[in-house]
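Going by numbering that gives the first Met the number 0, the sequence shown opens with residue 0, and the numbers climb by one from there. Working notes for the structure below.
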Amino acid sequence: MTNTSQPNLESISATAAGIRRRVLAHTIAQNGGYMSQACSAAELLACLYGGVLNFAPVSAPIDPPTFIGVPHVGEHIYITGAQFHGEKGAHYDRLISSPAHYALVIYAALIETGRLREDGLDHFNRDGSTVEMIGAEHSPGFETTTGSLSQALSQASGIALARKIRNESGKTWVFMSDGEFQEGQTYEALQAAKFHGLDKLRVIVDVNRAQCDGPMDTVMRIEPLEERIKGFGWDVSVVDGHDSAAIIKAANLEANNPHMILCYTDPVRGLPLLAERAPVLHYLRFTGADERAKYERAYAEMVK
């Protein structure tokens, strides 16, 4: 699906709902999954893949390839997960996804937008599969391995700088989580991107205020985030991360500086049952048959 000037908000809403349903179904089937990330980021990813990113089309949903090994000297057939974004070109956008634990949500978005085969999640976390639980450079939709959190912004800045030198018109996008603003490398990358004038670098952040150890502000506060980022010379937009029209409007703004969109989200949006797990929402693994049955009933409500 390529970028359009008039994104279909109804279609994007359906994609977001499909992402949540698909991740919940997978979580029930596998007795575990990153559910809160699907709840918070569904609209962000639906907007990116369904109306913001200027990607080359793919002729048909792609079957995830098997894992052929890590890159090494003399290896010339290595394929990254960027193939799911279509062919590269000077005028096409690039997307670097930073929080690799969102992989399940990204796979769901790829399926919902016709880039990954419908049965792609059948390969999830299997030996020899590229559909990894924690996305790596060979996983569908991933172009790089982002290592521990916060490395993708630096990687994308390097890509954006190379594209600037080559006078490419396409934008370089980064999808981030708010926990990455507890990492020093993020702020180094912000500074470098401004210094090098990377005006085609765009970042969209899932600010769901939750992380593996609980609420963000109980681990390390990052607010006032908007002012911090502006202090490095970036343009910043702050939006409701479940308002697709607002996300798309911010994404289409012209910028003379690197531009970051802070999307404040709800980690239980669309699945209020998940709030019973508060304050730790990072990963959902059922405590027993009774809790699992609750989520099965919630899924049944979703698909009505």
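From the three backbone atoms N, C-alpha and C, an ideal C-beta is built for every residue, glycine too. Owing to the predicted nature of the structure, the values given are computational and were not obtained by experimental measurement.
In the pairwise beta carbon analysis, the stretch 123-136 is classified as not touching the stretch 158-166: fewer than three pairs are separated by under 8 Å.
Excluding residues up to 5 positions away in sequence, A107 lie with their Cβ nearer than 6 Å to the Cβ of R21 in the same chain.
Contact between S97 and V218 does not hold, since the beta-carbon distance rounds to 18 Å and is not under 8 Å. By the 16-neighbour rule on beta-carbons within 10 angstroms, L270 is buried. Its Cα nearest to that of L120, the residue H25 stands out among E253, H25 and A244.
Under the rule that a run must span 3 or more residues, the beta strand (DSSP E) segments found entirely inside the stretch 150-196 read 171-176. Beyond the five residues adjoining it in sequence on each side, A244 comes within less than 7 Å, by CB distance, of L8 in the same chain, given in chain order. Between D205 and S39 a beta carbon distance of about 5 Å is seen, short of the 8 Å cut, so the two are scored as contacting.
Spanning the alpha carbons of G232 and H122 requires a straight line of approximately 43 Å. Taking 8 Å as the cut-off, the Cβ atoms of L109 and P139 count as close. Taking all protein chains shown into account, S147 has fewer than 16 neighbouring C-beta atoms within 10 Å of its C-beta and is therefore exposed.
One thing to note: E111 has its Cβ within 8 Å of the Cβ of G17. In terms of Cα proximity to L197, the closest of S153, G183, Q210 and R227 is S153.
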